[in-house]
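Structure first, then comments.
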Amino acid sequence: MTADSFALPRPLRCWAPSGVYAPQTDTRLLRRALRRERITGETDVLDLGTGSGMLAMEAARLGGRVTAVDISWRAVAVTWINALLNGERLRVRHGDLTTALPGGRRFDLVIANPPYVPAPGGVPSRGVARAWDAGADGRVLIDRICDAAPRVLRPPGTLLIVHSHLCGTGTTLARLTAAGLHARVVDRARLPFGQVLRSRLDWLRARGLTHDGTTEELVVIRAEHT
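Residue numbers (the working numbering): 22 to 247.
In structure tokens, the structure reads:
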């Protein structure tokens, strides 16, 4: 056995230019949950809202056959470049859950880090805020994913989705359960409000979405389609 047999995998390089969502705490939580899944060369993985492609590349490195999807053309290009830099094979598509995939295609594992920040306006059609703003309750994309999951997952498939408690963790669990999935929180982290949330603190308080106004809890929900 050679010394190379004990070599650790090279860290993933991830370029995230302006306008593309860079890996943050939510990405790291979802990546940790992803590593706990059983992924083989026969596992079809869908990464929704791939951003810079970090999670898609991690799933590919773990052995999955990965399709990465994003509504942003810039994110699609960056994901393709990052996959090339890291030597990972991905199928990269532009669009959302309904437009980017061939009809009827199903996956064994779906990873989703959707926009989930409550915002005074609707969902922006362009600009960097499209990566995080998700309507008044932050659930515009979350609800779509919950409702579509049974149609996209190949039983026994799994959805991993991350979002803030400000969107309603219980609401997501209930919606996934109503869709016929077995859902539970498998990871969480509490962190101070970032710049975006601090900038709309008065609005969040007025809507009753926060009381202390200092921290949010991020949760990873795992839902099984049995």
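Note that beta-carbon positions come from the ideal geometry of N, C-alpha and C, so glycine has one too.
Just so you know, these numbers come straight off a predicted model, no measurement behind them.
field: Cβ-Cβ distance between residue 169 and residue 118 below 7 angstroms
entry: Here residue 169 is taken as the residue at index 148 of the sequence shown, counted from 1. Here residue 118 is taken as the residue at index 97 of the sequence shown, counted from 1. Yes. Within cutoff.
field: Start-to-end residues for the beta strand (DSSP E) that takes in residue 58
entry: On the sequence shown, position 37 is the one that residue 58 refers to. Careful: residue 58 lies outside any beta strand (DSSP E) and carries neither H nor E.
- prompt: Within this structure, are the beta carbons of residue 96 and residue 77 separated by less than 7 angstroms?
  reply: Position 75 of the sequence shown, counting from 1, holds the residue named residue 96. Position 56 of the sequence shown, counting from 1, holds the residue named residue 77. If you check the CB distance, residue 96 and residue 77 do not come in under 7 angstroms.
Residues near residue 43 in its chain [Cβ-Cβ closer than 7 angstroms; skip 5 each side]: Translated into the one-based positions of the sequence shown, residue 43 becomes position 22. 37, 73.
- request: Would you kindly work out how many angstroms separate the C-alpha atoms of residue 25 and residue 163, rounded to a whole number?
  value: Here residue 25 is taken as the residue at index 4 of the sequence shown, counted from 1. Here residue 163 is taken as the residue at index 142 of the sequence shown, counted from 1. At residue 25, the pLDDT of 42 sits below 50, so the modelled position is not reliable; the number obtained from the coordinates is stated separately. Those two C-alpha atoms are separated by around 43 angstroms.
- request: Below 8 angstroms CB to CB, which residues in the same chain sit around residue 210 once its five sequence neighbours on both sides are set aside?
  value: For the purposes of this step, residue 210 is identified with residue 189 of the sequence shown, where counting begins at 1. Around residue 210: 46, 50, 238, 239.
query: In terms of alpha-carbon separation, which member of 241, 139, 189, 197 lies closest to residue 165?
result: In the sequence shown, residue 165 corresponds to position 144, counting from 1. Among 241, 139, 189, 197, the Cα nearest to that of residue 165 belongs to 197.
task: Go ahead and label residue 225 buried or exposed: buried means 16 or more other beta carbons lie within 10 angstroms of its beta carbon, across all protein chains shown.
output: Counting from 1 along the sequence shown, the entry for residue 225 is found at position 204. Around the Cβ of residue 225, a 10 Å sphere holds 16 or more other Cβ atoms; the residue is buried.
field: Inter-residue spacing [alpha-carbon to alpha-carbon] between residue 174 and residue 128
entry: Position 153 of the sequence shown, counted from the first residue, corresponds to residue 174. Position 107 of the sequence shown, counted from the first residue, corresponds to residue 128. Their backbone Cα atoms lie some 5 angstroms apart in a straight line.
7 angstroms Cβ shell around residue 48 - same chain, five flanking residues per side excluded: Position 27 of the sequence shown, counted from the start, is the residue given in the question as residue 48. Result list for residue 48: 75, 76, 134, in chain order.
- prompt: Opposite residue 284 in the DSSP bridges: which residues?
  reply: The structure shown does not extend to residue 284, since the chain is modelled only from 22 through 247, so no value can be given for it.
query: Is residue 127 helix, strand or coil when you go by DSSP?
result: Residue 127 sits at position 106 when you count from the first residue of the sequence shown. Three-state DSSP puts residue 127 in coil, outside helix and strand.
- prompt: Would you call residue 55 buried or exposed, if buried means 16 or more other Cβ atoms sit within 10 Å of its Cβ?
  reply: Reading the sequence shown from its first residue, position 34 is the one you call residue 55. Buried is the call here.
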